[in-house]
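Beneath this line is the structure, given in structure tokens, with notes to follow.
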Amino acid sequence: MSKNHLKVILFIYSIVIMARWLIIGISGVTCSGKTTLAKKLHESLSNSSYINQDCYYLPPDDSRHTHIAELNHHNWDIITSIDMEKMYLDVLKILDSSNETENEFSKEESSIIHILIIDGILIFNCKQIADMCHLKYFLTLTKQQTWERRQLRSYDPPDVPCYFDKIVWPEYLKYKEKIDKNQKMNETIIFIDGGSSMVDVFQKVFNDVSIKLQNLELSLNS
Ligand SMILES: Nc1ncnc2c1ncn2[C@@H]1O[C@H](COP(=O)(O)OP(=O)(O)OP(=O)(O)O)[C@@H](O)[C@H]1O
Ligand SMILES: [Mg+2]
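With this note's numbering, the residue at position 43 of the sequence shown is 43, and numbering never jumps.
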């Protein structure tokens, strides 16, 4: 079987098993609060699973990395620095796990909607993942706000001097521009100012999720 055939089969399979899932994608600029929001949602929503794109970075010695000679540092802010095939397969595994749970429980249990929260700086660059999200959020910050928050963080590997100005911010602008130009995608994304208070950001998303859950449960039981 060719790689393309396998991709089509996996895609069809994901649609079938997705029926009982509410999938939430959270993306946006670095340090905008994606993980803070995603983890708070995961804690607050019973029956939820969480996956973070950060766990899929290629190891530093992988030849697929783009090395920036000028900075003597890899470009960690592009989709090719991440093993998206592995991440997508893990998403499918999580979705599939609801089948196992349902086999073990009663009929009432099987009507529960499961929630998957997908967190990542570039997740909407992966069409299969973007297409499966029922709710898509994109957190924004100004360059100054992003820089101020980034300086307080420690990354592995650590940022080298000028990495933010030469790579992080320009790559973010490219990602945002790609989304803005894709009208079909853009219309499905809810943009949130990541400079708002954590409580406000969480409350807005939690309300959306609650409404979406009710609607999905209604349609599943009708
Ligand atoms: N709404 C907010 N207001 C102020 N600070 C915030 C807010 N949300 C998150 N933070 C802080 O900003 C920093 C980055 O948050 P977080 O790790 O959630 O961002 P991220 O978007 O996941 O970043 P990364 O791109 O590195 O994964 C943390 O110190 C967090 O406490
Ligand atoms: Mg994060």
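Positions of the beta carbon are idealized from the N, C-alpha and C atoms, including for glycine.
The model shown is predicted, which means the values in this text are computed figures rather than measured ones.
Fill in: Which listed residue (I9, H74 and S2) has its alpha carbon closest to that of Q128
As a first step, residue 128 is located in the sequence shown; it is residue number 128 there, counting from the start. Taking only the C-alpha atoms, the option nearest Q128 is I9.
Discussion item. Could you tell me the alpha carbon to alpha carbon distance between S222 and A19, rounded to whole angstroms?
Written reply: Here residue 222 corresponds to residue number 222 of the sequence shown, with the count starting at 1. Here residue 19 corresponds to residue number 19 of the sequence shown, with the count starting at 1. Spanning the two alpha carbons is a distance of roughly 14 Å.
Worksheet item: Hey, quick one: how far does the beta strand (DSSP E) through D165 stretch, first residue to last?
Response: Sequence index remark: in the sequence shown, residue 165 carries index 165 (1-based). Looking at the DSSP string, D165 is not in any beta strand (DSSP E), and its letter there is neither H nor E.
Worksheet item: From which residue to which residue does the beta strand (DSSP E) around F138 run?
Response: Along the sequence shown, one-based indexing puts residue 138 at 138. Taken as a continuous stretch (DSSP letters only), the beta strand (DSSP E) holding F138 covers L135 to T140.
Discussion item. Please report the distance separating the alpha-carbon of R153 from that of C31.
Written reply: Within the sequence shown, the letter at position 153 stands for residue 153. Within the sequence shown, the letter at position 31 stands for residue 31. Computed Cα separation, rounded: 8 Å.
Fill in: Residue burial classification, Q144 (beta-carbon count within 10 angstroms, cutoff 16)
One-based indexing of the sequence shown puts residue 144 at position 144. Its Cβ having fewer than 16 others within 10 Å, Q144 is exposed.
Worksheet item: Roughly how far, in whole angstroms, is the beta-carbon of L58 from the beta-carbon of V160, given that I think they are within contact range, below 8 Å?
Response: The residue labelled residue 58 in the question sits at position 58 within the sequence shown. The residue labelled residue 160 in the question sits at position 160 within the sequence shown. The Cβ separation is near 18 Å, so there is no contact.
Fill in: Burial state of I12 (16 or more Cβ within 10 Å)
Walking along the sequence shown from the start, residue 12 turns up at place 12. I12 comes out exposed.
Discussion item. Given 6 Å as the limit, tell me if I121 has its C-beta closer than that to any heavy atom belonging to ligand 1.
Written reply: Position 121 of the sequence shown holds residue 121. Flag set: Cβ of I121 near ligand 1.
Practice prompt. Just grab the DSSP bridge partners of L22 for me.
Written response: For the purposes of this step, residue 22 is identified with residue 22 of the sequence shown, where counting begins at 1. Residue pairing of L22 in beta bridges, as defined by DSSP: I115.
Worksheet item: Quick one: is F148 buried, meaning 16 or more other Cβ sit within 10 Å of its Cβ, or exposed?
Response: Counting from 1 along the sequence shown, the entry for residue 148 is found at position 148. The residue asked about is misnamed: residue 148 is Glu in this sequence, not Phe. By the neighbour-count definition (other C-beta atoms within 10 Å, threshold 16), E148 is an exposed residue.
Discussion item. DSSP has H73 in a bridge; who is on the other side?
Written reply: The sequence position of residue 73 within the sequence shown is 73, counting from 1. Bridge partners of H73: I68.
Worksheet item: Can you tell me whether DSSP reads Y155 as helix, strand or coil?
Response: On the sequence shown, residue 155 is found 155 positions in, with the first residue counted as 1. Correct three-state label for Y155: coil.
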